[in-house]
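Visitor: In the working numbering, the protein residues as written are 150 to 713.
Ideal Cβ positions, reconstructed from N, Cα and C, are used throughout, including at glycine.
All values reported here derive from a predicted model rather than from experimental measurement.
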């Protein structure tokens, strides 16, 4: 890793943008199947739920087949429900993720906003602001000792993520089917509500309702280190369960390669490329960014069902921060333990900030999901007054009504589209190094594979590459990348025209088998980048970086993209 001086220089120098902003083509649209999985007659199940939250609306003034994810029943939370697997064996995690129980519940109403709280970039916090932040976390930690059942305590707040992400909750009406808030269209909304109450709890405990949660500005080169505030061992923001090799001045890597990239300029170039692709280049619809539909009765969605940002920078920062020496890469590297690290909340503040920025990027597709099953999905949280409240996705879609905004930070990744190849590859020559799909699939991804994939249309058509029926061990960290017509074989360099996208899975546990899922990667912009010739096939290279032997891919194909 570079010295402190050289790293500081790198942080102040953004690698040259590949395309001027005025030339950015932002044309996005796509339709993805909205059918649910699980093989259960969910309508009949939901109609029998009686007085449960939302059940009345399912049969009055709504289509009978409506089936949004319902908030969990806290009384049925399994205190031994958090577990993982090791070498194929079930291992119970020594943690009770269940919240304090009360049967007094209310529907939450957003208070009137008079002046929004401003969430600052963590690396730019003033000493006075940092002191308030440290005091808030200190008081949350004190509640762990003085009143462990106070839902505002630090451990109780951390357990929220474990309970919603690692299996202690069953879906209402579907025993044995986990409630999972990752890898689907509810990901952003759940975490937005989570941070909302966390932020209000901090303000309550320090007597300052204007206090706002700082965000980790990892999408900007100046913020691509762990913020110094979190690296003070005497601070309430310190967490011992982080990768010791990633303390400042180490640069965060939003993508994972094996071996890791060490050149700081290449790290930043890869990061900016990843941000451009997940926010603009790879996104052709709201579903592409937000994630696939997830409805009551569906099996826990697999990683490939998640949106571009969730599976990109979000997952990369989780894995980079957690300690690989720990059994389950605690804390940030596993969903059950991620909330134990104070930096988790600042990380997710930037994830939420990405949602707000994406909404404002011009596009020729709608950024809204208007399906009732999305908007009526609901969760349970304790508020700053220790009251248990129910919240809906619909009520958090306009963050301005929630009373916060983000301090501005530049977004150089918006102009980081890869440079176009001058000449297309000779596909006949390149295909000699590739196999046909029928000879390779289904496959375990134990090594790099090159496959010749036929195209529905010749040349630069509007198409989607589909890696079909991906099945993984959800308890393992997984990363692989995908390249198209790549002659150079430089899998550590992602800022190239041939890089299509990647797959990162943060380890977690699911009691029910996660559904096999398809990874869909839009090809339209990549075809322009590689200056594709009038070819009727492409060569796809799939590079496993981490635990490829835990990945099975059922097939591969290219399909026309259906415009929304």
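According to DSSP, is residue 630 helix, strand or coil?
Guide: strand
Visitor: Out of 613, 311, 702 and 711, state which residue places its alpha-carbon closest to the alpha-carbon of residue 686.
Guide: Taking only the C-alpha atoms, the option nearest residue 686 is 613.
Visitor: If you run the structure through DSSP and keep just helix, strand and coil, what is residue 218?
Guide: coil
Visitor: Can you confirm whether the region 310–321 touches the region 470–478 when touching is taken to mean that 3 or more C-beta pairs between the two stretches lie within less than 8 Å?
Guide: no
Visitor: So, residue 386 versus residue 394, is the Cβ gap smaller than 8 Å?
Guide: no
Visitor: Residues in the same chain with beta-carbon distance under 7 Å from residue 651, minus the five sequence neighbours each way, listed in chain order, please.
Guide: Closer than 7 Å at the Cβ level, and outside the excluded window around residue 651, lie 404, 628, 629, 630 and 631.
Visitor: What three-state label does DSSP hand residue 666 in the structure shown?
Guide: In the three-state reduction of the DSSP assignment, residue 666 falls in the strand class.
Visitor: Within 10 angstroms of the Cβ of residue 571, are there 16 or more other Cβ atoms? Answer buried if so, exposed if not.
Guide: exposed
Visitor: Does residue 496 pass the burial test, meaning 16 or more other C-beta atoms within 10 Å, or should it be called exposed?
Guide: buried
Visitor: Which of the three DSSP states is assigned to residue 671 in this structure?
Guide: strand
Visitor: Looking at residue 565 and residue 421, is the spacing between their C-beta atoms short of 8 Å?
Guide: For residue 421 and residue 565, yes; Cβs fall inside 8 Å.
Visitor: If I measure Cβ to Cβ from residue 508 and keep anything under 6 Å in the same chain, skipping five residues before and after, which residues do I get?
Guide: 516
Visitor: Which residue wins for smallest C-alpha separation from residue 427, given the options 461, 408 and 413?
Guide: 461
Visitor: Identify every residue that forms a DSSP beta bridge with residue 711.
Guide: Beta bridge pairing from DSSP links residue 711 with no other residue.
Visitor: Restricting to Cα atoms, I'd like to know which of 445, 227 and 357 is closest to residue 322.
Guide: 445
Visitor: Give the DSSP-derived three-state secondary structure of residue 553 in the structure shown.
Guide: strand
Visitor: Can you check which of these residues, 351, 535, 544 and 390, is closest to residue 723 by C-alpha distance?
Guide: A query on residue 723 cannot be resolved here, the shown segment of the chain reaching from 150 to 713 and no further.
Visitor: Looking only at its chain, what residues have a beta carbon closer than 6 Å to the beta carbon of residue 187, apart from the 5 residues adjacent to it on each side?
Guide: Confidence at residue 187 is low in this model, with a pLDDT of 38, below 50, so its placement is unreliable and the value that follows should be read with caution. The answer, listed in chain order, is 446, 447 and 448.
Visitor: For residue 606, count the other beta carbons within 10 Å of its own beta carbon; 16 or more makes it buried, fewer makes it exposed. Which is it?
Guide: Residue environment for residue 606: exposed (fewer than 16 other C-beta atoms within 10 angstroms of its C-beta).
Visitor: What does residue 621 pair with, by DSSP beta-bridge criteria?
Guide: Per DSSP, 700.
Visitor: Need the endpoints of the alpha helix (DSSP H) that residue 691 sits in, please.
Guide: No alpha helix (DSSP H) contains residue 691, which is instead part of the beta strand (DSSP E) from 686–695.
Visitor: What is the C-beta distance between residue 643 and residue 696, in whole angstroms, given that I count them as a contact (C-beta under 8 Å)?
Guide: With 8 Å as the limit, residue 643 and residue 696 do not qualify as a contact, their Cβ atoms being about 19 Å apart.
Visitor: At what residues does the beta strand (DSSP E) containing residue 541 begin and finish?
Guide: For residue 541, the uninterrupted beta strand (DSSP E) run begins and ends at 537–541, by DSSP.
Visitor: When the Cα atoms are used, what is the spatial distance from residue 281 to residue 271?
Guide: 13 Å
Visitor: Let me know the secondary structure DSSP gives residue 270 once reduced to three states.
Guide: strand
Visitor: With which residues is residue 599 paired in a DSSP beta bridge?
Guide: 690
Visitor: When you compare the CB positions of residue 350 and residue 301, do they come within less than 8 Å of one another, or not?
Guide: It is a contact, given that the beta carbons lie within the stated cut-off.
Visitor: In whole angstroms, what separates the C-alpha of residue 622 from that of residue 699?
Guide: 6 Å
Visitor: Taking 6 Å as the limit between beta carbons, can you name the residues of its chain near residue 673, skipping five residues before and five after?
Guide: 611
Visitor: Between residue 487 and residue 262, what straight-line distance do the alpha-carbon atoms span, to the nearest angstrom?
Guide: 31 Å
Visitor: Where does the unbroken alpha helix (DSSP H) through residue 254 begin, and where does it stop?
Guide: For residue 254, there is no enclosing alpha helix (DSSP H); the enclosing beta strand (DSSP E) covers residues 254–256.
Visitor: Indicate the three-state DSSP secondary structure (helix, strand or coil) for residue 481 in the structure shown.
Guide: coil
Visitor: Classify residue 557 as buried or exposed, calling it buried when 16 or more other Cβ atoms lie within 10 Å of its own Cβ.
Guide: exposed
Visitor: Less than 8 Å separating the beta-carbons of residue 615 and residue 669?
Guide: yes
Visitor: Give the straight-line distance between the Cα atoms of residue 620 and residue 290, rounded to the nearest whole angstrom.
Guide: 39 Å
Visitor: Just curious, the alpha helix (DSSP H) that residue 286 is in, first and last residue?
Guide: 276–295
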